[in-house]
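Engineer: I am attaching a structure below and will ask some questions about it afterwards.
In the numbering used here, the protein residues as written are 586 to 901.
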């Protein structure tokens, strides 16, 4: 058993002595346009205010969260593992018109209603943080709290950070990115060919290459890896230009958990947004990358529980 899994097993065993979770259940719901059939799984300690995990990618699926820290959080909360349309065990339509941020936000509300929950806690990772922000701004009365990790409230700022890294670490690659963008714009993902690009992105996200291999294994278990339909559609509709611009709508407690070694996102926009909110907080994990819940699972679970207790977002 790996050291990570030993941590999860120990935490789960100690918590299980005090709590008896309800049996997990899987389900599906349909939502238009399409309609598209979408998968979810509910597990953990019974609660009227479940945590819905919104994965990244776009199109990654909930596999890594389920395999990593999810079972620990289940010991004190109801966790809803949800595969967005185009991801994981959900239907993956090829029509790009079936993907957009408003459609994905609508999917979340249909899921909430399907669960019978008046309010939910949204835990958004990476691209999922965008969905969490947009849903909370659209329906603040239905959100008890937001937990955002590896968050990207400002995609242009994240792209600029990637370009700045290229300029510092690989000037020839930076020149290629500038040439690809034209008109003085930098296109960081054009700096390398496919194989080298994958290595560069992984180095930006994972301080430890072994963690990258583990996440890749979890993501691709049972043939559930990212097939690209969702990402291609959203990037084609301007996702790289996304900026969250409704901080006044976020009346609920909001916690950012950032990995200090995450070079795939930008820390400053997260700190800035947290400071703009009446109930915003920002934590930095100094040893973590883009997946803080994988790099530091015990701390992540403790911080989620503390957030729920201190903010009143839980049922306790």
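A virtual CB, placed ideally from N, CA and C, is assigned to each residue, including glycine. This one's a predicted model, so the numbers in the text were calculated from it and none came from an experiment.
For the alpha helix (DSSP H) that residue 666 lies in, which residues bound it at each end?
Structural biologist: Sequence index remark: in the chain shown, residue 666 carries index 81 (1-based). Residue 666 -> not in any alpha helix (DSSP H); beta strand (DSSP E) instead, spanning 663-667.
Engineer: Measure the beta-carbon distance from residue 721 to residue 893 and round it to whole angstroms, keeping in mind my assumption that it falls under 8 Å.
Structural biologist: Along the chain shown, read from residue 1 onward, the residue named residue 721 stands at position 136. Along the chain shown, read from residue 1 onward, the residue named residue 893 stands at position 308. Not confirmed; about 16 Å, so no contact.
Engineer: Where do the N-terminal and C-terminal ends of the alpha helix (DSSP H) with residue 796 fall, by residue?
Structural biologist: Against the chain shown, residue 796 aligns to sequence position 211. Here the alpha helix (DSSP H) through residue 796 covers 794-804.
Engineer: Using beta-carbon positions only, say whether residue 678 and residue 728 come within less than 8 Å of one another.
Structural biologist: By 1-based counting over the chain shown, the position of residue 678 is 93. By 1-based counting over the chain shown, the position of residue 728 is 143. Taking 8 Å as the Cβ cut-off, residue 678 and residue 728 do not qualify as a contacting pair.
Engineer: Out of 628, 694 and 631, which has the shortest C-alpha to C-alpha gap to residue 617?
Structural biologist: Taking the first residue of the chain shown as 1, we reach residue 617 at position 32. Closest by alpha carbon: 694.
Engineer: Report all residues from its chain with a CB closer than 6 Å to the CB of residue 865; omit the five preceding and five following residues, and keep chain order.
Structural biologist: The count along the chain shown starts at 1 and reaches residue 865 at position 280. Result list for residue 865: 839 and 859, in chain order.
Engineer: In whole angstroms, what is the alpha-carbon distance linking residue 853 and residue 804?
Structural biologist: To locate residue 853, count along the chain shown from 1; it is residue 268. To locate residue 804, count along the chain shown from 1; it is residue 219. If you take the alpha carbons of residue 853 and residue 804, they lie about 28 Å apart.
Engineer: Alpha carbon to alpha carbon, what distance is there between residue 738 and residue 856?
Structural biologist: To locate residue 856, count along the chain shown from 1; it is residue 271. To locate residue 738, count along the chain shown from 1; it is residue 153. Rounded to the nearest angstrom, the two C-alpha atoms are 10 Å apart.
Engineer: Is the beta carbon of residue 653 closer than 8 Å to that of residue 879?
Structural biologist: Against the chain shown, residue 879 aligns to sequence position 294. Against the chain shown, residue 653 aligns to sequence position 68. The answer is yes: Cβ separation under 8 Å.
Engineer: Assess contact between the stretch 839-850 and the stretch 799-818, defined as three or more Cβ pairs (one per stretch) separated by less than 8 Å. Is contact present?
Structural biologist: no
Engineer: If we count the other Cβ atoms within 10 Å of its Cβ and call it buried at 16 or more, is residue 773 buried or exposed?
Structural biologist: What you label residue 773 is simply residue 188 of the chain shown in a count that begins at 1. Buried is the call here.
Engineer: Leaving out five residues before and five after residue 632 in sequence, what residues of the same chain have Cβ atoms less than 8 Å from its Cβ?
Structural biologist: For the purposes of this step, residue 632 is taken as the residue at position 47 of the chain shown. Taken in chain order, the residues that qualify are 662, 663, 899 and 900.
Engineer: Spatial neighbours of residue 610 within its chain, please: CB distance less than 6 Å, with the 5 preceding and 5 following residues excluded, ordered by chain position.
Structural biologist: Position 25 of the chain shown, counted from the start, is the residue given in the question as residue 610. Excluding residues within five positions, the ones whose Cβ falls inside 6 Å are 627.
Engineer: State the Cα-Cα distance for the pair residue 789 and residue 709, rounded to the nearest angstrom.
Structural biologist: Position 204 of the chain shown, counting from 1, holds the residue named residue 789. Position 124 of the chain shown, counting from 1, holds the residue named residue 709. Going by C-alpha positions, residue 789 is about 19 Å away from residue 709.
Engineer: Let me know the secondary structure DSSP gives residue 870 once reduced to three states.
Structural biologist: By 1-based counting over the chain shown, the position of residue 870 is 285. DSSP places residue 870 in strand when its eight states are reduced to three.
Engineer: Quick one: using the 10 Å Cβ neighbour count with 16 as the cut-off for buried, is residue 886 buried or exposed?
Structural biologist: Here residue 886 refers to the residue found at position 301 of the chain shown. With 16 or more Cβ atoms within 10 Å of its Cβ, residue 886 is classed as buried.
Engineer: Would you give the residue range spanned by the beta strand (DSSP E) that residue 614 belongs to?
Structural biologist: Mapped onto the chain shown, residue 614 falls at position 29. Element bounds for residue 614: 607-616.
Engineer: Alpha carbon to alpha carbon, how far is residue 845 from residue 872?
Structural biologist: Your numbering for residue 845 matches position 260 in the chain shown. Your numbering for residue 872 matches position 287 in the chain shown. Across the structure, residue 845 and residue 872 are spaced so that their CA atoms are roughly 7 Å apart.
Engineer: Per DSSP, which residues does residue 739 bridge with? Please list them.
Structural biologist: Residue mapping note: residue 739 aligns to position 154 of the chain shown, counting from 1. Paired residue(s): 828.
Engineer: Do you know how far the Cα of residue 767 is from the Cα of residue 751?
Structural biologist: As a first step, residue 751 must be located in the chain shown, where it is residue number 166. As a first step, residue 767 must be located in the chain shown, where it is residue number 182. The alpha-carbon atoms of residue 751 and residue 767 are separated by roughly 16 Å.
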